[in-house]
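Numbering (this note's numbering), first residue to last: 26 to 172. Glycine included, each C-beta is placed from N, C-alpha and C at the ideal position. Bear in mind the structure is a predicted one, so any value in this text is a computation, not a measurement. Right, one structure below, let's go through it.
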């Protein structure tokens, strides 16, 4: 009788774990990248010399999804945030629009993207960057490369 009880306990624990994984949210899984955002990294500069921040990006090609958490400080109110395609030191086109970090200088969210874009970012994050714009620095107040 004891082996049956052990089996049932194991099955119940496994079911609870699977149920928890199913509701963990869209940002779980995928490749995670964290970048420090600075005005000095902004191209073309100058960005905000006092501006700082951090962006955590989760790229999940299997879900065709990119999720983000952005926190900035020492910049005027943000007006936009994006992921751009370009290596360090080069300005590039917007490939994913992110929500601007305006509430307590933070933003979070997820965006559905083409699977090929998500896969490209996952495979070569150094070719992509996050930047945050504001009225004082419309080309970008702070920037950070993903890889």
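Item                                                                                                                                                             : Value
I'd like to confirm the pairing. Which residues does DSSP put opposite residue 117 in its beta bridges?                                                          : Paired residues: none, contrary to the question.
Along the chain, where does the beta strand (DSSP E) that runs through residue 57 open and close?                                                                : 56-63
Taking buried to mean at least 16 other C-beta atoms within 10 Å of its own C-beta, is residue 141 buried or exposed?                                            : exposed
Tell me which residues share the same chain as residue 49 and place their Cβ nearer than 7 Å to its Cβ, disregarding the 5 neighbours each side in the sequence. : The predicted model places residue 49 with a pLDDT of 34, which falls under 50 and marks its position as unreliable, so this point remains unresolved.
Check this for me: beta carbons of residue 84 and residue 146, under 8 Å apart or not?                                                                           : yes
What does a CB cutoff of less than 8 Å around residue 172 pick up in its chain, not counting 5 residues either side in sequence?                                 : 58, 149, 150, 151, 152 and 153
Taking just the CA atoms, how far does residue 111 sit from residue 137?                                                                                         : 21 Å
Thinking residue 132 and residue 95 are a contact (beta carbons under 8 Å), I'd like their distance in whole angstroms, please.                                  : 5 Å
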